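First up is the structure itself, then whatever we jot down about it.
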Amino acid sequence: MTDIETVDLELVADVTVECVARTDPEAASPDPELSERAVGFVVDKPPAFGGTDRGPMPSEYFAAAIASCNMMTARRIAAKRKVGYEQIKCRALVHLEGSDIDKVVLAFEVVSDAAVDDWETVFRLADRTCTVSRATKCAIERTVRVRS
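Residue 26 is where the sequence shown starts when you use the numbering used here, and the numbers rise one by one after that.
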């Protein structure tokens, strides 16, 4: 198992944005007004929405939070269940209807010799225990693709 997690995010609305969430603390741009536990982050919007594009929008942070929470929880569950893997990737698609998030799709891709059923169980359990998933009220759909 590797410690590398890749989260590819796409915000689906009038504007499509793709970004990558990294676990590298040096990649963050701290803003002292928005910090918790000495971990800083910038919140902004694109100029088309009245921002300066200095950082992700809150909906992009939401997508990163739900995808990375599910991935971290899945890694823990996979280890406990002895389901081996080389890499886990997740693409989070957040669908906006006006200013409401009406659907989140988490598309997982796993490089593993384990069966698809094993991974579907891992991600089902991850959804039940991931703090961010449990906090949402919108429907969350996921797909799982296993490659070896």
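Every residue gets a Cβ at the ideal spot worked out from N, C-alpha and C, and that includes glycine. Keep in mind that this is a model prediction, so the values were computed, not measured.
Boundaries (first-last residue) of the alpha helix (DSSP H) holding residue i
{"i": "T94", "result": "Reading the sequence as shown, one finds Cys at residue 94 and not Thr. 83-106 is the span of the alpha helix (DSSP H), which, as asked, contains C94."}
{"i": "R159", "result": "156-160"}
Identity of the residue in the options nearest residue i by Cα
{"i": "A99", "options": "V135, A117, I165", "result": "V135"}
{"i": "A132", "options": "D78, V67, G80, V169", "result": "V169"}
{"i": "R149", "options": "P72, K107, A139, R167", "result": "R167"}
{"i": "K128", "options": "R79, S137, R101, I91", "result": "I91"}
{"i": "A89", "options": "L118, R172, R153, A151", "result": "L118"}
{"i": "P81", "options": "M96, G65, R153, A151", "result": "G65"}
{"i": "P83", "options": "V108, V67, A151, V147", "result": "V67"}
Residue i (DSSP reduced to helix, strand or coil)
{"i": "F66", "result": "coil"}
{"i": "R149", "result": "helix"}
{"i": "R170", "result": "strand"}
{"i": "P50", "result": "Low confidence applies to P50: its pLDDT is 42, below 50, so where it sits in the model is not reliable, and the reading given next is rough at best. Looking at P50 - three-state DSSP - the assignment turns out to be helix."}
Residue burial classification, residue i (beta-carbon count within 10 angstroms, cutoff 16)
{"i": "V141", "result": "exposed"}
{"i": "E51", "result": "Any answer about E51 is weak, because its pLDDT of 49 lies below 50 and its placement is not dependable; what the coordinates show is given next. Exposed, by the Cβ-count rule."}
{"i": "E85", "result": "buried"}
{"i": "S124", "result": "exposed"}
Start-to-end residues for the beta strand (DSSP E) that takes in residue i
{"i": "R116", "result": "112-122"}
{"i": "A132", "result": "125-136"}
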